[in-house]
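J.: In full-length UniProt numbering, the protein residues as written are 1 to 131.
Have a look at this one before I ask anything.
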Amino acid sequence: MNRTDFDSTFNCPVCLGPSQNMVFGMCQHFVCASCLYEPDSESLKPAFYCCPLCKAKDVFPDYCPEIPQTTKLLMNIVGVVKCRRKRCGEEMWTWDEEEHQGRFRGDTCHCVVSIGEENIPNRNAGITRYV
């Protein structure tokens, strides 16, 4: 299996990213928990009352389940890793880890995930807005 096969087989079909926190539906499709559930209430987002792949209804739990360690371990075996830097936790493929680690100084990651896109210095520099 090459990288493209892993990406298309094991990435979340919604955000197209890797995750160790996949939730399996009764239809046997899986979507990452961050796509399926509201961050504050952990309730299923209305868009996912149907599976995004097969359109089967009521296949995902109404509330975010505890992700089994076996699921996390399996995703790790296929190559999904989590950034170990403080305040980051971004999940990526092992082959993307070196590039990601190049974005930090010391033990704190400075990627968009950890500092928030809105806090990137000079984010709007050079952009002219016409109202």
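Don't be surprised by glycine CBs; every beta carbon is placed ideally from N, CA and C.
Model, not experiment: these values are computed from the prediction.
How long is the line joining the alpha carbons of lysine 72 and proline 61, rounded to whole angstroms?
T.: 18 Å
J.: Can we say the region 80 to 97 touches the region 4 to 19, given the rule of at least three CB pairs closer than 8 Å?
T.: Two segments are said to touch when three or more pairs of C-beta atoms, one from each, lie closer than 8 Å; by this definition the region 80 to 97 touches the region 4 to 19.
J.: CB asparagine 76 to CB glutamine 20, shorter than 8 Å?
T.: Contact flag set, yes.
J.: Kindly indicate which three-state DSSP category glutamate 42 falls into: helix, strand or coil?
T.: Coil, per DSSP.
J.: Under 8 Å between the Cβ atoms of lysine 55 and tyrosine 49?
T.: Cβ atoms of lysine 55 and tyrosine 49: not closer than 8 Å.
J.: How close, in whole Å, do the beta carbons of glutamate 42 and cysteine 64 come, if the pair is a contact with beta carbons under 8 Å?
T.: 4 Å
J.: For the beta strand (DSSP E) that cysteine 32 lies in, which residues bound it at each end?
T.: 30 to 32
J.: Less than 8 Å between the C-beta atoms of leucine 36 and lysine 45, yes or no?
T.: yes
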